[in-house]
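Protein chains: 2
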Amino acid sequence: MKLLVTGGAGFIGTHLVRELLKRGHDVVVVDNFTLGHKENVDCFENNSHYKFYNIDIAQTKEFCTKLKDEKFDMVFHLAANSDIQKGGKNPDVDYNDTFMTTRSVLEFMRISGCKKLFFSSTSAVYGDKKELLKEDIGDLKPISYYGGAKLASESFIESYSYMNDFKTVIFRFPNVIGPNLTHGVIYDFTKKLQDNPHELQILGDGSQTKPYIYVLDLIEAIVKLTLDTPVENGVEIYNAGVEGATNVTTIANIVCEELGYENVKYNYTGGNVGWKGDVPKFQYDLTKIHNAGWTASKNSDEAVRETVRNIKES
Amino acid sequence: MKLLVTGGAGFIGTHLVRELLKRGHDVVVVDNFTLGHKENVDCFENNSHYKFYNIDIAQTKEFCTKLKDEKFDMVFHLAANSDIQKGGKNPDVDYNDTFMTTRSVLEFMRISGCKKLFFSSTSAVYGDKKELLKEDIGDLKPISYYGGAKLASESFIESYSYMNDFKTVIFRFPNVIGPNLTHGVIYDFTKKLQDNPHELQILGDGSQTKPYIYVLDLIEAIVKLTLDTPVENGVEIYNAGVEGATNVTTIANIVCEELGYENVKYNYTGGNVGWKGDVPKFQYDLTKIHNAGWTASKNSDEAVRETVRNIKES
């Protein structure tokens, strides 16, 4: 099959592209290296089944024009801002990189006749809810521009999928970690400890508790539920989650333990959130994705530990 | 108070502007006459409390620049495409007129420091659901570009309201009818019968059944729940509905009866929807808005009849 991966030079995208090429597909990547890195995709360059376009996908007209001669069997739309904290400082970031990229992908699919879509959504669409997050709960109130832009993307995807008979799978990702991580708490802690091995500043009070999924588990789930399983017309939404959740202090402990830092003093900035728009705690209901035949191999704590080991080895 | 009404030259906007001026407020209208009409607002021109800007609100930069010296206590954001059928033919219509106008209003409020917002959403955000529509039900799957763009607007509004401490009221409108109607089934039937008083083409099988609210009832509800009642930080969503619902054949009967057409032959195009993206039947749960102290004076059938009488008198 011929597959388009938007954001294919990013952290998750690179892992997906590798898996799709391994399975013998023709893979076209579009990225503009806002968060992706050229070095991530250099390794694919000699593969005759791989092709790369440097385009800002948010520019709908340019994106549709430059790809007008390509016909795809499916689009994996991963391109987005993935740094919620950064987006909180300037709403243009998530408007452009998270929402407008989706609008462009939908227009491209409508015009080119592509009928199958995978979209990477997020736990942030739920907002700050105390209940167990099930895919079909209501009253979604995203508290970050990022969450708002992803939920708006889901809304556009629903209407485009109905009007154009798309077969669409949406995964709401929790925190995704693993090899080649570009930002987030584990990444920050390892950087800070390199600079100062005696003290570690922790945003909030350390109690923020979220599920962390290992990126290779996530890739397995994406491929299984989009390519290995028949997809019906319409939109199917899954919480792509793992068992358990890890709090920030536990992450600091695992990082120190695995990287051999001892007697590190933790300085908490205080408050129960890392920044405005941060959801301090959430837990997914995983019934739907488990019933679809997929379960993560690593729980949240194991994913954190493995990721720190990846950093140590890199 | 100084109030901004976007889409203030449109069908609903004009009635709202009249009421706000009557209450002694300073009212600024922004409209570009896509669906609004200059004649609708000509009557306000000599009112020193009224001011008009002709701007395409979807052009965020232009909109924010031209209004940069205005400070508002509140924005009533009504500007949108309101013709779902038209939007179904070209997704740019609702992207621009329904979604982008909202994005512009939110940016303007963030930049100018305005903290209070009313947004006109729609029953179309729910999609084609069989259950009674309650504001907090989940699994919203809009089936029209219009519904998708309104739900995406709600998503952006949620995140902007949280990040900027807005006090926001969202009404999800059903079909709104009354004096100066510009389109919709009642408008269409009266036009068609003027052309041919013996036959009437009816889209679908006539069984589509929806609640119709009389516009002056709706204006009363808007003013009551935004200006006469304290609004808290965050977003409060109300189904702005009426008792009952009216099917399309009943509307045809009322139109013929009130306008004096006899023995009209109804030609049904068939199928249970008027066009792709049309939701054939829905009914609101009205508990929340009734508990807030407002109930419509006219039920759906009464609103239809009164609207036909308005047309007869005009």
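Residue numbers (my numbering), protein chains in the order written: chain P, 1248 to 1561; chain W, 1248 to 1561. Every residue, glycine too, gets a C-beta built ideally from N, C-alpha and C.
| request: For the beta strand (DSSP E) containing W:Glu-1483, list its first residue and its last residue. | output: 1481-1486
| task | Name the two residues that bound the continuous alpha helix (DSSP H) containing W:Lys-1545. | result | No alpha helix (DSSP H) holds W:Lys-1545; DSSP gives it neither H nor E.
| query | Using a Cβ cut-off of 9 angstroms, which residues of the segment 1473-1497 of chain P contact any Cβ in chain W, in chain order? | reply | Gly-1481, Val-1482, Ile-1484
| request: Can you tell me which of W:Phe-1258, W:Leu-1250, W:Val-1264, W:Ser-1329 puts its alpha carbon nearest to the alpha carbon of W:Met-1356? | output: W:Leu-1250
| message | Any beta carbon from chain W within less than 8 angstroms of P:Asp-1386's own beta carbon? | response | yes
| field | Unbroken alpha helix (DSSP H) run spanning P:Ile-1390, endpoints | value | Premise fails: P:Ile-1390 is in no alpha helix (DSSP H) and is neither H nor E.
| request: List the residues of chain W whose Cβ lies closer than 7 angstroms to the Cβ of P:Arg-1350, in chain order. | output: Tyr-1342
| In chain order, what residues of the same chain lie with their CB nearer than 8 angstroms to the CB of P:Gly-1374, ignoring the 5 residues before and after it? | Leu-1387, Lys-1388, Pro-1389, Ile-1390, Gly-1394, Val-1526
| Burial state of P:Gly-1360, where buried means 16 or more other Cβ atoms lie within 10 Å | exposed
| request: Assuming P:Cys-1311 and P:Ile-1358 form a contact by the criterion Cβ under 8 angstroms, report the distance between their Cβ atoms to the nearest whole angstrom. | output: 6 angstroms
| Can you tell me where the beta strand (DSSP E) with P:Asp-1583 in it begins and where it stops? | This structure does not reach residue 1583 of chain P, given that chain P is present from 1248 up to 1561, and the question cannot be answered.
| field | Residue from P:Ala-1305, P:Lys-1318, P:His-1284, P:Gly-1283 with nearest C-alpha to P:Val-1275 | value | P:Lys-1318
| Apart from the five residues on each side of it in sequence, which residues of its chain come closer than 6 angstroms, Cβ to Cβ, to W:His-1272? | Met-1248, Leu-1250
| message | Taking 8 angstroms as the threshold (C-beta atoms), are W:Tyr-1342 and W:Pro-1421 in contact? | response | no
| message | Let me make sure I understand the geometry here. Which of W:Glu-1505, W:Ser-1329, W:Arg-1265, W:Ala-1539 has the alpha-carbon closest to that of W:Thr-1473? | response | W:Ala-1539
| Which of the three DSSP states, helix, strand or coil, is assigned to W:Tyr-1562? | Residue 1562 of chain W lies beyond the stretch modelled for chain W, which goes from 1248 to 1561, so this question has no answer here.
| message | Run through chain P and tell me which residues come within less than 7 angstroms of W:Ile-1358, C-beta to C-beta. | response | Correct list: empty, because the minimum Cβ distance to chain P is about 10 angstroms.
| task | Could I get the ranges of all uninterrupted alpha helix (DSSP H) runs contained in the segment 1293-1334 of chain W, with 4 residues as the minimum, in chain order? | result | 1307-1313
| Which of helix, strand or coil DSSP assigns to P:Glu-1378 | coil
| request: Could you say which of W:Gly-1524, W:Val-1416, W:Glu-1382 lies nearest to W:Val-1478 if we only look at CA atoms? | output: W:Val-1416
| request: Could you check which residue in W:Lys-1397, W:Leu-1398, W:Phe-1403 has the C-alpha nearest to that of P:Tyr-1392? | output: W:Phe-1403
| message | Please state the DSSP three-state secondary structure of P:Phe-1418. | response | strand
| Cβ pair W:Lys-1545, W:Asn-1486 closer than 8 angstroms | no
| field | Buried versus exposed call for P:Lys-1397 [16 or more other C-beta atoms within 10 Å across all chains shown] | value | buried
| At which residues does the alpha helix (DSSP H) containing P:Ser-1351 begin and terminate? | 1348-1359
| message | Can you check which of these residues, W:Ile-1484, W:Ser-1329, W:Thr-1253, is closest to W:Thr-1574 by C-alpha distance? | response | Any question about residue 1574 of chain W goes unanswered here, given that chain W covers just 1248 to 1561.
| task | Check whether the segment 1452-1460 of chain W touches the segment 1287-1306 of chain W, taking contact to mean three or more Cβ pairs, one atom from each stretch, closer than 8 angstroms. | result | no
| task | Identify the contact partners of W:Leu-1398 in chain P, using a Cβ-Cβ distance below 9 angstroms as the criterion. | result | Leu-1398, Ala-1399, Glu-1401, Ser-1402, Phe-1403, Glu-1405, Ser-1406
| query | Should P:Asn-1436 be labelled buried (16 or more other beta-carbon atoms within 10 Å of its own) or exposed? | reply | Note that residue 1436 of chain P corresponds to Phe in the displayed sequence, not to Asn. By the 10 Å Cβ count, P:Phe-1436 comes out buried.
| field | Residues within the segment 1506-1533 of chain P neighbouring chain W, beta-carbon criterion of under 7 angstroms | value | Lys-1523, Gly-1524
| said: For chain P, check one thing: does any of its Cβ atoms lie closer than 8 angstroms to the Cβ of W:Pro-1444? | reply: no
| said: Closest to W:Thr-1554 by C-alpha separation, out of W:Leu-1447, W:Phe-1366, W:Val-1264, W:Tyr-1434, would be which residue? | reply: W:Tyr-1434
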